[in-house]
Structures are given as structure tokens and as C-alpha cells.
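Worksheet: the structure to be examined is printed underneath.
In the UniProt record's numbering, the protein residues as written are 1 to 514.
And the structure:
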């Protein structure tokens, strides 16, 4: 678990970059020269501190002055014999010292925040507080040389300042900057004026907390102009920006107004004890309390799990503070508090009793992927069906699809009732050979002969039947005279109620009307 602790006399800010000879990042090869390599310094090289004994084939110095600071008992040897050490280059290669530009004072990455002068670095939440504040103790470590850019034309205020173990005041620092070593360490800008560094020697003893001052617009803009290109995309929706921050975070912030009797340490230690101590689920939460330049108390919380843990803790803290306000504010002495939080995490956080299960894609993304796969499957199935329908034989197709048509229906031709005494015969040589199975009647007005005769056929009107022929009877089961409407017997499958209640009309019976 991380907590930002502001001691009564401020924290320590230790400068990280250096211009040491043995620092690998100061050389273009990524390795310090040794063995039979050639070390090359340019005209823009700063002061270089040589601490570790080494051997070289050649040392090429610039045409202008350069300061080489040799440690006590330092030995530099020259040889043509390659060094078998894998960290050394061989075959007389040239290695160039590439630290030809100063590192910026206002770059948060150049500072290590610690509770002691030589302690371990702590991970800060606010970029503005990573740069030395007015109550901080600034340390440039011993046994190193430095190249620092302070060309912002601002007034830099710190509590104390040490360079190589020597504490300086505002006056002694001014004298140091006039020396050759001071000029190489803090070079004058090509344009404009160098920022003024003021050493106040006034530690933070205010029970209300100390205002850093780096969240003021001018200095914050300078800090963020350097830091913003390194901001990474957050693993949550709608990340928030803290007061004094440059990069958005996943998490939450509480902004409070304090009243009479407020104590900075009481608030910070009380929230730590009540909401974080002994809580294994919240061990990754970064929690910092700060007093902003607009005289508000800001409580910042973030974590590496998309902000869910820190949001949960912030909710508990706000509930604790709200309850204290309703009770009179005797515990924290706050009278107003507001909460702002980021949106849901894009990736589900790792396991935790209060925060959910292990990481993975959200349900929203999974639903979209499944939907796309289903649509693609349907499209391919349709294409495959059409391909198979064209390629398989006619008899194996689904006939039900053949009945489906979007054409306009054909008009049904009228049916002509022909009297029984009119008969048509088609006389043809081919017709005489047709068997009984092909007998039938076809109206010559429409279509061709059912027996497929190609040439025109003679149409003959047959005479009426002879008197000796048996005439048809007119019972309901016999032949109906087509010239008169005859009473038609109802179908046995019709509605029984309708048949029983309906009496045949005279018009349907074919009888003359009275």
C-alpha cells in the first residue's frame, strides 16, 4: 500500500541524472568505454566525473575547455589489447559521450521523492509534487557531476539545497554559479534568463499542511509541457484529472473545505487507519493528501486495477467524513466534501473480495464479437445453400421453393359448357392410332389438340343422337342439362347447420317462377 507522507520539515527530492563517466546512458553505445575502445568528448560536453578505474586505447578531448573531475586514487590506463569483458567493446571502436544537453529541472522524471536524503524513491501521484516544492530539501548526491537546465525564468523556492554533500544558501549558491564548475552544472540559457533559485530555510510546520505551489498555472504548465508526452492511455472510461496533475488517472479524488481546528496529520492518519490499515484488498491503492493553492484539501486515490479499488476506498472515506460532518465535525474538522471518480474499468481487475474477479474483456466487447460471428455464419450458410441448390439435380431440390413466385398470377381462362348433343371429333391419321388412354376433350378455341397433331385438323359437327339411343335421365345422380340451372345437391362435407336451414330457392331449382 502506498501513502504520501509529508513530514514537518518537508520531504527530500534527490536529483537522478548525472554526467559520470561510468554511467552507461551517457554514451551512444549504451556502455561506458573500456578495454581498447576510444572515448570521444565533444565541444558541448559538460563536466565529467571519473570515479572508477578503467583502461582505454585513446581519450579524445574537445578543442575547447572541458572539466574532468577525478576521484581520489583514480587510475586511467591506456592499452591496445582488447578486453574480453562482455561489457566492453573491442577492435578500437569509437564511443561518443552523448550527454551534451542539460536535463530539465521541471521534468518530474528527473527527481526521486524520499523521506530521507538517501532513502528509497516513492511513487508520487501528482506530477507537480514530484518537482521540488517550497518546503522540500533538494539533494544533488555526492560523487557525481550534473548538467541541469533552469532556463524557465521563474523563481524556484526550496527549503534547503545540497550539492555533493555541501549545503548552500541563496548567497553561496549565487557565488557558485559564477564559477566554471557552476556554469557547467547550471548553464546559462541561449535566450532569456536563468531561473532564480531561492533557498528559504523555512521548513513546513503548519498544522493545516503546506502548500507546494507547483499547481499554480505558470509553473504547472511548464511541468506538464514536459510530462504530457509520456502520459499513457488509462484502462478505464472517463479518467479524471487531479489538481496539480498532468496525466489523467483511473480512480477518485475528494475535495474538502476545512474549518476551525483542522489538522492535516489528523485527517491523513485517521483515513489511513480507518479505511486502509489491515485491508489486504486495498494494498495496491495509492493514497495522498495535499493542500492545494486554492486552499482546499485534496485526497487523491488511484490503483493499477482500473481504479475500482481506489473508488471503493474513496466511497468509504467520503461516508466516514460525511458522518463526521453530520455529527458536528469533531473528528476531522471538515464542513464540506465532494467526490469525483473515473468511469468503469475497461479490463476487469484481478481478484479481490471487494473488487471483483480476474481481468478479461468486458461483456460489451464479447457481445459485439459474438454478434459479428453469428451474422457471418448466416451469410455463409445462405451462400452455401444457393450454391448447393444450383449444383444438385432437379429432382433433389426442395419443391416447396419452386411454388414460391413473385410474378403476377395468370388470368384464369373461362370454361365453356358444351351441350351434350354437340360433339367434336378430330380426324387425323395420327388420331386414329391413339389408344383409349389418350381420349379426352379439348376446346379447339384454346390451345392445341391433346394428342399433339402438328397439321390442322378437320372440325366436324356431329349430328344429334338418333331416337333409338337411350336418353339420359334427370335424376340427381345423372346428367345435368347445361342449358338450365339445376339444383345441385349439397356436399356431404358442408356445414350441417347451413344445409338444414337453407331451402332451395326456385331460382336454383330451375323451375319457372309463378
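Note that beta-carbon positions come from the ideal geometry of N, C-alpha and C, so glycine has one too.
Note that the structure is a prediction, hence the values are computed from the model and not measured.
* **Buried or exposed (CB count within 10 angstroms, at least 16 for buried), residue 488** => Residue confidence is low: residue 488 scores 47 on pLDDT, short of 50, so the model does not pin down where it sits. No coordinate-derived value is stated.
* Asked: What is the residue span of the alpha helix (DSSP H) that residue 182 lies within?
  -> 180–185
* **Touch test, the segment 130–141 against the segment 38–48, Cβ-Cβ under 8 Å, three pairs minimum** => no
* So residue 255 and residue 296 are in contact, right, with Cβ under 8 Å, and what is the actual spacing, rounded? -> 6 Å
* Measuring alpha carbon to alpha carbon, tell me which of 222, 276, 242, 371 ends up nearest residue 149. => 222
* Asked: Could one say the Cβ of residue 322 lies closer than 8 Å to chain D's Cβ atoms, at least one of them?
  -> No chain D is part of this structure, which consists of one protein chain only.
* How about residue 128 and residue 206: do their beta carbons lie closer than 8 Å? -> no
* Starting from the C-beta of residue 16, find all residues in its chain whose C-beta is less than 7 Å away, skip the five residues before and the five after it, and write them out in chain order. => 110, 111, 112
* To do: Could you round the C-beta distance between residue 24 and residue 31 to whole angstroms and report it? I think they count as a contact, below 8 Å.
  => 6 Å
* What three-state label does DSSP hand residue 130 in the structure shown? -> helix
* Report all residues from its chain with a CB closer than 8 Å to the CB of residue 200; omit the five preceding and five following residues, and keep chain order. => 134, 157, 158, 159
* **Separation of residue 77 from residue 88, as counted between CA atoms** => 15 Å
* **Residue nearest to residue 252 in terms of C-alpha spacing, selected from 312, 171, 279, 228** => 312
* Give a yes or no on whether the C-beta atoms belonging to residue 119 and residue 83 are separated by under 8 Å. => no
* Asked: Looking at C-alpha atoms only, which residue of 331, 248, 63, 197 is the closest neighbour of residue 271?
  -> 331
* **Between the CA atoms of residue 74 and residue 97 - distance to the nearest angstrom** => 20 Å
* Asked: Which residue or residues does DSSP assign as beta-bridge partners of residue 248?
  -> Answer by DSSP bridge pairing: none, since residue 248 is not bridged.
* Check whether the Cβ atoms of residue 519 and residue 184 lie closer than 8 Å to each other. => Because the chain spans 1 through 514 in this model, residue 519 falls outside it and cannot be assessed.
* What is the DSSP secondary structure of residue 60, counted as helix, strand or coil? -> strand
* With DSSP run on the structure shown, which of helix, strand or coil describes residue 211? -> strand
* Asked: In the structure shown, what three-state DSSP assignment does residue 232 receive?
  -> coil
* Top-ranked residue by Cα proximity to residue 65, from 176, 181, 131, 144 -> 181
* Same chain, Cβ closer than 8 Å to residue 226, five either side skipped, listed in chain order -> 104, 106, 107, 108
* Asked: In three-state DSSP terms, what is residue 42?
  -> coil
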